[in-house]
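J.:
Protein chains: 2
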Amino acid sequence: MSTSAGWDRPRTSLYTDHYELTMLQAALHSGAAHRESVFEAFARRLPDGRRYGIVGGTGRLLEGIADFRFGDTEIDFLRRTKVVNEETLDYLAGFSFSGDIWGYAEGEAYFPNSPILIVESTFAEACILETYILSILNHDSAIASAASRMITAAGNRPCVEMGSRRTQEESAVSAARAAIIAGFDSTSNLEAGLRYGLKTVGTAAHSFTLVHDTEQEAFEAQIASMGAGTALLVDTYDVEAGVRTAVELAGDKLGAVRLDSGDLVAQAQWVRQLLDDLGNERTRIIVTSDLDEFAIAALQSAPVDSYGVGTSLVTGSGAPTASLVYKLVSRTDDDGDFVSVAKAAKNKASMGGRKYALRKLNERGTATQEIVGIGHRPDDDGNDRPLLQQFVKNGELLPGWTGAEGVLRARKRHAETMKELPAVVNRLQRGEAAIPTIYEEN
Amino acid sequence: MSTSAGWDRPRTSLYTDHYELTMLQAALHSGAAHRESVFEAFARRLPDGRRYGIVGGTGRLLEGIADFRFGDTEIDFLRRTKVVNEETLDYLAGFSFSGDIWGYAEGEAYFPNSPILIVESTFAEACILETYILSILNHDSAIASAASRMITAAGNRPCVEMGSRRTQEESAVSAARAAIIAGFDSTSNLEAGLRYGLKTVGTAAHSFTLVHDTEQEAFEAQIASMGAGTALLVDTYDVEAGVRTAVELAGDKLGAVRLDSGDLVAQAQWVRQLLDDLGNERTRIIVTSDLDEFAIAALQSAPVDSYGVGTSLVTGSGAPTASLVYKLVSRTDDDGDFVSVAKAAKNKASMGGRKYALRKLNERGTATQEIVGIGHRPDDDGNDRPLLQQFVKNGELLPGWTGAEGVLRARKRHAETMKELPAVVNRLQRGEAAIPTIYEEN
Numbered sequence: 001m002s003t004s005a006g007w008d009r010p011r012t013s014l015y016t017d018h019y020e021l022t023m024l025q026a027a028l029h030s031g032a033a034h035r036e037s038v039f040e041a042f043a044r045r046l047p048d049g050r051r052y053g054i055v056g057g058t059g060r061l062l063e064g065i066a067d068f069r070f071g072d073t074e075i076d077f078l079r080r081t082k083v084v085n086e087e088t089l090d091y092l093a094g095f096s097f098s099g100d101i102w103g104y105a106e107g108e109a110y111f112p113n114s115p116i117l118i119v120e121s122t123f124a125e126a127c128i129l130e131t132y133i134l135s136i137l138n139h140d141s142a143i144a145s146a147a148s149r150m151i152t153a154a155g156n157r158p159c160v161e162m163g164s165r166r167t168q169e170e171s172a173v174s175a176a177r178a179a180i181i182a183g184f185d186s187t188s189n190l191e192a193g194l195r196y197g198l199k200t201v202g203t204a205a206h207s208f209t210l211v212h213d214t215e216q217e218a219f220e221a222q223i224a225s226m227g228a229g230t231a232l233l234v235d236t237y238d239v240e241a242g243v244r245t246a247v248e249l250a251g252d253k254l255g256a257v258r259l260d261s262g263d264l265v266a267q268a269q270w271v272r273q274l275l276d277d278l279g280n281e282r283t284r285i286i287v288t289s290d291l292d293e294f295a296i297a298a299l300q301s302a303p304v305d306s307y308g309v310g311t312s313l314v315t316g317s318g319a320p321t322a323s324l325v326y327k328l329v330s331r332t333d334d335d336g337d338f339v340s341v342a343k344a345a346k347n348k349a350s351m352g353g354r355k356y357a358l359r360k361l362n363e364r365g366t367a368t369q370e371i372v373g374i375g376h377r378p379d380d381d382g383n384d385r386p387l388l389q390q391f392v393k394n395g396e397l398l399p400g401w402t403g404a405e406g407v408l409r410a411r412k413r414h415a416e417t418m419k420e421l422p423a424v425v426n427r428l429q430r431g432e433a434a435i436p437t438i439y440e441e442n
Numbered sequence: 443m444s445t446s447a448g449w450d451r452p453r454t455s456l457y458t459d460h461y462e463l464t465m466l467q468a469a470l471h472s473g474a475a476h477r478e479s480v481f482e483a484f485a486r487r488l489p490d491g492r493r494y495g496i497v498g499g500t501g502r503l504l505e506g507i508a509d510f511r512f513g514d515t516e517i518d519f520l521r522r523t524k525v526v527n528e529e530t531l532d533y534l535a536g537f538s539f540s541g542d543i544w545g546y547a548e549g550e551a552y553f554p555n556s557p558i559l560i561v562e563s564t565f566a567e568a569c570i571l572e573t574y575i576l577s578i579l580n581h582d583s584a585i586a587s588a589a590s591r592m593i594t595a596a597g598n599r600p601c602v603e604m605g606s607r608r609t610q611e612e613s614a615v616s617a618a619r620a621a622i623i624a625g626f627d628s629t630s631n632l633e634a635g636l637r638y639g640l641k642t643v644g645t646a647a648h649s650f651t652l653v654h655d656t657e658q659e660a661f662e663a664q665i666a667s668m669g670a671g672t673a674l675l676v677d678t679y680d681v682e683a684g685v686r687t688a689v690e691l692a693g694d695k696l697g698a699v700r701l702d703s704g705d706l707v708a709q710a711q712w713v714r715q716l717l718d719d720l721g722n723e724r725t726r727i728i729v730t731s732d733l734d735e736f737a738i739a740a741l742q743s744a745p746v747d748s749y750g751v752g753t754s755l756v757t758g759s760g761a762p763t764a765s766l767v768y769k770l771v772s773r774t775d776d777d778g779d780f781v782s783v784a785k786a787a788k789n790k791a792s793m794g795g796r797k798y799a800l801r802k803l804n805e806r807g808t809a810t811q812e813i814v815g816i817g818h819r820p821d822d823d824g825n826d827r828p829l830l831q832q833f834v835k836n837g838e839l840l841p842g843w844t845g846a847e848g849v850l851r852a853r854k855r856h857a858e859t860m861k862e863l864p865a866v867v868n869r870l871q872r873g874e875a876a877i878p879t880i881y882e883e884n
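Chains A and B are the protein sequences, given in the same order.
Residue 357 in the numbering used here sits at position 357 of the first sequence; the count goes up by one each step and never skips.
Positions in the second sequence are counted from 1; adding 442 to them yields the numbering used here.
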């Protein structure tokens, strides 16, 4: 296990469903395990009413695939619990991914049937990665997609991710990372700060005021310790009295006041007025109380300086999973020739075969179509932007996609892709995907 | 960091919001850090329409609190990023929790304002645990609560947790654990099997059929490798043909067929008939396609033998977080006397003071009220069952609550608490909490 920024990355190989390994065993038995295969991760549809999704998690995934090995602990466990037979354990003990991985860059927008990740390897190698790939992409894309809408709703005002307490402790770290990729300014999560070099911030909670005998004593302690530029939480008792006390103690250098309850629109108005009347024109107003993209949009006209977003961000604002699936779309036959495959059951028809993907842009550089094709990509892309990037080649991770560098690159990609999408992505109302997905076969 | 069942537990101290540590710094400055405090985790309300919640995560939390230390990596990070000052770093470097923790046993039912966890320590110690406590209890209780409803809907038919791919990879492990506590039979998640000794199971995916030239070849390989008692996925192409092929190859020893798409009620009926006609009365039918508690209830009259549940389980079936909060309810003053405290802002009024909690039972042993009181518990409990258990005493973890042992104990507690609740908990329709929460002050 490798170490990055003081973080011992965990074993990743058992973040896996039991059946991936029993399928491996049966496929080793039949020989199909060694067939060359193409697996694809994609969403059949976007969450209800969403216009677009944002790919999240790719960098984390690539780091984890590099660590996806079966050591003594894992092999002993699988032997003791009789999950698979000795032949399969031998295979696993020697496993390290040796194929190719392509996909949409992290931070990129996606639409229904966009081939977000393509894994080309033997069936065995691609099969046992399935659960892990989907866990990461489904979670992180759900968070990045929700965060992107919040950033759009917030306009130029910074958003701070502070949802750690409302999601599992490791999900919280992943959510902080995904939020930053989608444009959040900073996070409250310290572990995310350590692992990915993210900026962390924080103010104070009501308990801090309550542990002191008076609000004044609490504010005095915070200002003395953190400086006048700190953000004071002013709604523990009476907001107006809180603001007056804060200004009295910190003077016109007071950094910010935080509002965490009540009618935020009305409250922000009169608190702004009060601050201005007291000579604190430069003291900012931070609002936090259970915000989502709709509440942020509703605060557009209120004199608010930044938003702290918690629960709705880390739960994907109504869509806690991106519902991505991972399907075998092509594999070799006994002659070594590739054959497109797809499940025949109704309502779940997949489009077989190795894909290419392009975003068609008009002469103003605005996206008009998502082109997903089978066969050879047309030579002249014209205004089309190719979407598939190579991440892994013959098992070797290509540089630039992982770690803190990968987060910055994904954040940049998100900002760029958003500029390219049609204006309809700025609408929070339910609707169709912002651009249609068009299939080609060449 | 301690090791349990081959699992190196991670650093837990940075699963923490930035502001917990800046509050600590300011409270060290004012001296309030050393005041004795009582913090309480509770839900102001249940998720919309739910009748009850189930406490999940306590065992995981207690394991993690024992590991909640700040080593060189953590201290260096906090120093380098200037999160807190040197005095605070000194405090953190020497930190280990030394107080008491009480709470509802894991697996216990809870209602609005039930004091699920009570932390008694200095303000400093209780403050810096806040984010970590809420992350774990909010996630695991959300999953356990959803799982409990599914188990009720499933009646005597076993449920299998198979949602790993639809949630973050570590959340998947926690979700598997919470599902087992609430009565699930087994999980697909191998890491959960390793850490907590949970039973893992698995069948095969459509890709396994598709990588073979024919469904027959795929089934042959699976039967040859896993035995006739395996479960065959029969809906890759044509369900009827799939069932016939499965029976032909495996004979009457065929363990199960799995249906993962289509109209499951109708399909289960005729597949059961077909299996019986073919002489496979003992072959079970497993259904899996996007089930939640409502879909499970709708399948009550269908000849189904077990349910595989994924997405809706790991996302809390519409309530992905339990919305628990963690509030300072009491602390000492300068004379060392305890003072009840509560935030005054409207709509969020807390009930100050150290609580006791009892479940009032009628003469038939059925719960009628949740009694939450301040002050001394009445001497004669009568039919009341005391709910608060001690988990940690002077920083020492009391035995029985953690590890695989804790999971079994919590599963037993869940089964027992469900027998005690009024029959209304079996209704999936939206409604009020099954029993009212009554406040007492003695």
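Cβ coordinates follow ideal geometry from the N, Cα and C atoms, glycine included.
Output yes or no for whether 9 Å exceeds the beta carbon distance between L117 of chain A and Y326 of chain A.
T.: Closer than 9 Å, so yes.
J.: Which of helix, strand or coil does DSSP assign to I116 of chain A?
T.: I116 of chain A falls in the coil class under three-state DSSP.
J.: Quick check on F650 of chain B: does DSSP put it in helix, strand or coil?
T.: Three-state result, F650 of chain B: helix.
J.: Consult DSSP for E281 of chain A and reduce its assignment to one of helix, strand or coil.
T.: Coil.
J.: Kindly provide the ranges of any beta strand (DSSP E) runs that are 3 or more residues long and lie completely inside the segment 478–527 of chain B, ordered along the chain.
T.: Counting only runs of 3 or more, we get 478–485.
J.: Select from A:E248, A:G197, A:L194 the residue whose C-alpha is nearest the C-alpha of E220 of chain A.
T.: Among A:E248, A:G197, A:L194, the Cα nearest to that of E220 of chain A belongs to A:E248.
J.: Can you tell me where the beta strand (DSSP E) holding E611 of chain B begins and where it ends?
T.: Note, E611 of chain B: premise wrong, no beta strand (DSSP E); alpha helix (DSSP H) at 611–623.
J.: Would you say Y110 of chain A lies against chain B (beta-carbon separation less than 9 Å)?
T.: False, the Cβ-Cβ gap to chain B never drops below 9 Å.
J.: In chain order, which alpha helix (DSSP H) runs of at least 4 residues are fully inside the segment 640–710 of chain B?
T.: Runs found: 648–653, 657–668, 681–692.
J.: On the criterion of 16 or more Cβ atoms from any shown chain inside 10 Å, does K785 of chain B qualify as buried, or is it exposed?
T.: Answer is buried; the Cβ neighbour count reaches 16.
J.: I need the DSSP call for G545 of chain B, collapsed to helix, strand or coil.
T.: Looking at G545 of chain B - three-state DSSP - the assignment turns out to be strand.
J.: Taking G782 of chain B as part of the beta strand (DSSP E), name the residues at either end of that continuous run.
T.: Before going further, note that residue 782 of chain B is Ser rather than Gly in the sequence given. Counting along the chain, the beta strand (DSSP E) containing S782 of chain B begins and ends at 780–782.
J.: Determine, using beta carbons only, whether I578 of chain B and R492 of chain B come nearer to each other than 9 Å.
T.: Not in contact: I578 of chain B and R492 of chain B (Cβ atoms no closer than 9 Å).
J.: Name the two residues that bound the continuous alpha helix (DSSP H) containing A410 of chain A.
T.: Where A410 of chain A is concerned, the enclosing alpha helix (DSSP H) stretches over 403–420.
J.: As a quick exercise: from A:F123, A:R385, A:A204, pick the residue whose alpha carbon is nearest that of K360 of chain A.
T.: Selected option, being the one with the closest Cα: A:R385.
J.: Check whether the Cβ of P600 of chain B lies closer than 9 Å to any Cβ atom in chain A.
T.: No, its Cβ sits nowhere closer than 9 Å to a Cβ of chain A.
J.: When the cut-off is 9 Å and only beta carbons count, does R44 of chain A lie next to chain B?
T.: Chain B, which has no Cβ nearer than 9 Å to the Cβ of R44 of chain A, makes this no.
J.: Select from B:I507, B:E478, B:I496, B:V480 the residue whose C-alpha is nearest the C-alpha of V834 of chain B.
T.: Comparing Cα positions, the closest option is B:I507.
J.: Thinking T725 of chain B and L696 of chain B are a contact (beta carbons under 8 Å), I'd like their distance in whole angstroms, please.
T.: That pair is a contact at about 5 Å.
J.: With a cut-off of 9 Å, does the C-beta of K327 of chain A fall near any C-beta of chain B?
T.: Yes, because at least one Cβ of chain B sits closer than 9 Å to the Cβ of K327 of chain A.
J.: Got a sec: which bits of the segment 534–558 of chain B sit with their beta carbon under 7 Å from any beta carbon on chain A, in order along the chain?
T.: So nothing in the stretch comes that close.
J.: Could you tell me whether the Cβ of Y461 of chain B comes closer than 9 Å to any Cβ of chain A?
T.: Taking Cβ atoms only, chain A reaches closer than 9 Å to Y461 of chain B, which makes this a yes.
J.: Just tell me which of A:V119, A:A33, A:Y307 has its CA closest to the CA of L92 of chain A.
T.: Minimum Cα distance to L92 of chain A is reached at A:A33.
J.: Measure the Cβ-Cβ separation of A26 of chain A and S667 of chain B and say whether it is below 9 Å.
T.: A contact, by the Cβ cut-off of 9 Å.
J.: Give a yes or no on whether 9 Å exceeds the smallest Cβ distance from V729 of chain B to chain A.
T.: No, because no Cβ of chain A sits closer than 9 Å to the Cβ of V729 of chain B.
J.: With DSSP as the reference, label T131 of chain A as helix, strand or coil.
T.: Three-state DSSP puts T131 of chain A in a helix.
J.: Would L425 of chain B and A617 of chain B qualify as a contact pair, given that the criterion is a beta-carbon distance under 9 Å?
T.: Nothing about residue 425 of chain B can be reported from this structure: the residues present for chain B run from 443 to 884 only.
J.: So what does DSSP say about R359 of chain A, is it helix, strand or coil?
T.: In the structure shown, R359 of chain A sits in a strand (DSSP, three-state: E or B).
J.: Between which residues of its own chain and N347 of chain A is the CB-CB distance below 7 Å, once the five residues before and five after are set aside?
T.: Low confidence applies here, because N347 of chain A scores a pLDDT of 40, under 50, leaving its location unreliable; read the following figure in that light. Result list for N347 of chain A: empty, nothing under 7 Å.
J.: May I ask you to report which of helix, strand or coil DSSP gives L428 of chain A?
T.: Residue state, collapsed to three classes: coil.
J.: Whole angstroms is fine: what's the gap from D11 of chain A's alpha carbon to A698 of chain B's?
T.: What sits at residue 11 of chain A in the sequence shown is Arg, not Asp. Answer to the nearest angstrom: the Cα atoms are 33 Å apart.
J.: Check each candidate in A:T200, A:G242, A:I296 and name the one with the smallest Cα separation from V271 of chain A.
T.: Considering only alpha carbons, the answer is A:G242.
J.: Would you please verify whether the beta carbon of I578 of chain B is less than 9 Å from any beta carbon of chain A?
T.: Closer than 9 Å to some Cβ of chain A, the Cβ of I578 of chain B qualifies, so yes.
J.: If you run the structure through DSSP and keep just helix, strand and coil, what is R827 of chain B?
T.: Here R827 of chain B sits in strand by DSSP.
J.: In chain order, what residues of the same chain have a beta carbon less than 6 Å from the beta carbon of D292 of chain A, not counting five sequence neighbours either side?
T.: Taken in chain order, the residues that qualify are S312, S317.
J.: Mind checking if K253 of chain A is an interface residue toward chain B, Cβ cutoff 9 Å exclusive?
T.: Answer no: the Cβ-Cβ gap between K253 of chain A and chain B never drops below 9 Å.
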